[in-house]
Each structure stands twice: as structure tokens, then as C-alpha cells.
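Visitor: A single structure is presented below for examination.
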Amino acid sequence: PQYQYILKLFFDPE
Amino acid sequence: MLEGKFEEASLLKKIVEAMKDCVSSCNFNCTENGISVQAVDNSRVLLISLLIEKDTFEEYRCDRNITLGVGLGSLSKIIGNGANSDYLTISADDDADKLNIIFEDKVKDKISEYNLKLLDIDADLLDVGPMDTDATITLPSADFAKICKDMKVLSESLQIIVTKDSALFQSVGDIGTGNIVIRPKTDIDHPEESVTISLDKPIDLSFGSKYLSDIIKATSLSQKVTIKLTDQSPGVFEYKLPSGYLRFYLAPKFDE
């Protein structure tokens, strides 16, 4: 199955 | 004091229509260079970045940086009252609690004035810096909208696979599968129909169809859309304004 990344993982790694 | 006059109300109408189903409210950040917005949808998957540069306006002044918290549904209702061809002027005093909206009919001697109550929006911003791009596709925005709509009937995901000479849009669902391939094409007589693909690295990414449905609401803003894709990174979908842009950053899906 596929899961959805959220943007925070890419733009705000802290 | 902020004052911005649009040559045609239709431009702001299209911008608001493209944004209001993703985000219910957002801050309009006004500076001497123009107006910008960054807003993220409730599920934190889709980010909107809007820049309306000063040159977009017939007349523009902003004496001091101000932030206007706007409910997009409410703004949409009010600007829906003006005709597309009207002049539309938005203005606000420094520290204002309302946005003044004036329509001027270009033929009749008619001026309509509205006030929109502003909101206090506490939004946390994401640090979206310049991104590397592995593949860039530019195609007619209407074609991209149709691809997204057609593929959505099959699956809640749309897979985009880009190779040197083609972009493949693929959906695999319970009822069946769909594939649409586009290739680069130069149309000298109708440049807006051209398709370009530039590639540094092959791409295979999946995106949620429901978010793509929101993105393609911007189709009327520009005849072309530019899609920038990078391996395991958000896709960027850009609709150019006469001076500025409306960009969507969409987080990809990943396999277990």
C-alpha cells in the first residue's frame, strides 16, 4: 500500500 | 496604507477560486514589491505559494509592510459580486481590521464598495527554499487538468514517470488501469500548445489524486503549467501570472 508524506518532512526537518 | 488596483477583477477571482478549496483562510503579506501568500492545507500535504508582483497591478502602493488575514470563502463571495471586467481595487489602512474592496464598472457610471472583516491568523510557515529539480515538464494547463480528471476515475493515486523523451501518467485501480503518454512538441503557430520535457534524472513519483484535483482549479490562470519533479521530494506545479505566480507544492506518496 501507499502512504502519504506530509510537507513538514521535507521543508522543516527539525 | 495598502492600495492595489487590478485592471480586471477576473484575475483576483481566478486566484481566489484556485486557492479557496485548499485553504479556508490565509495571510496576505503586503510589501512595496507586491503581495505574497504561503498557506498549507489542513492535511499538511499541499502548500500554496502565491506571488502577485507589483507590476500585476494597474496601480499599487504599500507604504509599510502589512499582513492581512483573509477568509477565502468570504473574499470569494464578495468578489463574486463584481463583473469580471470591472476595475477592482483593494485597500487597507495600516493596522486595519478590514479590507476595502471597490469595483468600478468600465462602461456604466457605477461603483460598488465592500468591506471584508479581517482575521487574526496564526500560521506557521514552512521553509521552502530553492529546490533541485530532476525533471521539468511544461504543458498546456488544460491538458494537465484533463489528465488529472481522467486518471482520477481509476485511482486515488496518479503516478508520473518521466524519461528522456516522454512523461507517462499512470493510474492503477480496482476497476482497471489507465496510461497517458505525452511527448515533447513544438508548435510554432500555437506556442501555448507546446510541450517541453527536460530531464536530469528519470522520475517515478506518485501523488494523491484529490490534491491534484485542487491544483487544477488554477487552470484558468495560465494557459501553461510547469511541473518540477525531484526524486522523493514534493512536486511543484506552477501557474504563471502576468507578473508573479501561483505555485503548489505537493508531497508525494510512498510505498510501504
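Chains as they are written, first to last, in my numbering: chain X, -17 to -4; chain L, 4 to 259.
Even for Gly, the Cβ is constructed at its ideal location relative to N, Cα and C.
A quick note: this is a predicted structure, and the numbers were derived from the prediction, not measured.
Rounded to whole angstroms, what is the Cα-Cα separation between Val239 (chain L) and Ser201 (chain L)?
Guide: Counting from one through the second sequence, the residue named residue 239 (chain L) turns up at place 236. Counting from one through the second sequence, the residue named residue 201 (chain L) turns up at place 198. Distance between the alpha carbons of Val239 (chain L) and Ser201 (chain L): 15 Å.
Visitor: Just to confirm my understanding: we take Leu50 (chain L), look at its own chain, exclude 5 residues before and 5 after, and list those with CB closer than 6 Å. What are they?
Guide: As a position in the second sequence, residue 50 (chain L) is number 47, starting the count at 1. Closer than 6 Å at the Cβ level, and outside the excluded window around Leu50 (chain L), lie Val43 and Tyr252.
Visitor: How many Å lie between Ala236 (chain L) and Arg47 (chain L) at the Cα?
Guide: Against the second sequence, residue 236 (chain L) aligns to sequence position 233. Against the second sequence, residue 47 (chain L) aligns to sequence position 44. One point to set straight first is that residue 236 (chain L) is Ser, not Ala, in the sequence displayed. Cα to Cα, Ser236 (chain L) sits roughly 14 Å from Arg47 (chain L).
Visitor: Work out the CA separation of Phe31 (chain L) and Thr92 (chain L) for me, nearest whole Å.
Guide: In the second sequence, counting from the first residue as 1, residue 92 (chain L) sits at position 89. In the second sequence, counting from the first residue as 1, residue 31 (chain L) sits at position 28. Their backbone Cα atoms lie some 15 Å apart in a straight line.
Visitor: Below 6 Å CB to CB, which residues in the same chain sit around Asn68 (chain L) once its five sequence neighbours on both sides are set aside?
Guide: Indexing the second sequence from 1 puts residue 68 (chain L) at position 65. Answer for Asn68 (chain L): Thr34, listed in chain order.
Visitor: Note down, in chain order, every chain X residue with its Cβ under 7 Å from the Cβ of Pro237 (chain L).
Guide: As a position in the second sequence, residue 237 (chain L) is number 234, starting the count at 1. Under the 7 Å cutoff, chain X gives Leu(-11) and Phe(-8).
Visitor: Taking the alpha-carbon positions, what's the Pro194 (chain L) to Ile150 (chain L) distance?
Guide: Residue mapping note: residue 194 (chain L) aligns to position 191 of the second sequence, counting from 1. Residue mapping note: residue 150 (chain L) aligns to position 147 of the second sequence, counting from 1. C-alpha separation (whole angstroms): 20 Å.
Visitor: With distance defined between alpha-carbon atoms, name the residue in L:Lys204, L:Lys213, L:Phe172 and L:Gly132 nearest to Phe(-7) (chain X).
Guide: The residue you call residue -7 (chain X) lines up with position 11 of the first sequence. With distances taken between Cα atoms, Phe(-7) (chain X) lies closest to L:Gly132.
Visitor: Where Gln41 (chain L) and Ile191 (chain L) are concerned, what is the direct C-alpha to C-alpha distance, given to the nearest angstrom?
Guide: Here residue 41 (chain L) is taken as the residue at index 38 of the second sequence, counted from 1. Here residue 191 (chain L) is taken as the residue at index 188 of the second sequence, counted from 1. Cα-Cα distance, rounded: 36 Å.
Visitor: Measuring straight from C-alpha to C-alpha, what distance separates Tyr(-15) (chain X) and Asp123 (chain L)?
Guide: Taking the first residue of the first sequence as 1, we reach residue -15 (chain X) at position 3. Taking the first residue of the second sequence as 1, we reach residue 123 (chain L) at position 120. Distance between the alpha carbons of Tyr(-15) (chain X) and Asp123 (chain L): 34 Å.
Visitor: Let's see if you can read the secondary structure: which residues bound the alpha helix (DSSP H) around Lys80 (chain L)?
Guide: By 1-based counting over the second sequence, the position of residue 80 (chain L) is 77. Where Lys80 (chain L) is concerned, the enclosing alpha helix (DSSP H) stretches over Leu75 to Ile82.
Visitor: What's the C-alpha gap between Lys23 (chain L) and Asp217 (chain L)?
Guide: On the second sequence, residue 23 (chain L) is found 20 positions in, with the first residue counted as 1. On the second sequence, residue 217 (chain L) is found 214 positions in, with the first residue counted as 1. Distance between the alpha carbons of Lys23 (chain L) and Asp217 (chain L): 9 Å.
Visitor: Out of L:Ser160, L:Ile55, L:Asp58 and L:Ser169, which one is the CA nearest neighbour of Gly179 (chain L)?
Guide: Taking the second sequence and counting its residues from 1, one reaches residue 179 (chain L) at position 176. With distances taken between Cα atoms, Gly179 (chain L) lies closest to L:Ser160.
Visitor: Which term fits Pro255 (chain L), buried or exposed, when burial requires 16 or more other beta carbons within 10 angstroms of its beta carbon?
Guide: Locating residue 255 (chain L) in the second sequence gives position 252, counting from the first residue. Buried, by the Cβ-count rule.
Visitor: Can you list, in chain order, the residues of the region 205 to 231 of chain L whose Cβ is nearer than 8 Å to any Cβ on chain X?
Guide: If the cut-off is 8 Å between Cβ atoms, the region 205 to 231 of chain L has Ser209 and Gly211 near chain X.
Visitor: Quick one: list the residues of chain X neighbouring Val131 (chain L), beta-carbon separation under 7 Å, in chain order.
Guide: Locating residue 131 (chain L) in the second sequence gives position 128, where the first residue counts as 1. Near Val131 (chain L) (Cβ distances below 7 Å), the residues of chain X are Phe(-7).
Visitor: Please classify Gly76 (chain L) as buried or exposed, where buried requires at least 16 neighbouring CB atoms within 10 angstroms.
Guide: Sequence index remark: in the second sequence, residue 76 (chain L) carries index 73 (1-based). With fewer than 16 Cβ atoms within 10 Å of its Cβ, Gly76 (chain L) is classed as exposed.
Visitor: Could you tell me which of L:Lys231, L:Leu215, L:Asp177 and L:Gly211 sits nearest to Thr199 (chain L), measuring between CA atoms?
Guide: The residue you call residue 199 (chain L) lines up with position 196 of the second sequence. Thr199 (chain L) has its Cα closest to that of L:Lys231, out of L:Lys231, L:Leu215, L:Asp177 and L:Gly211.
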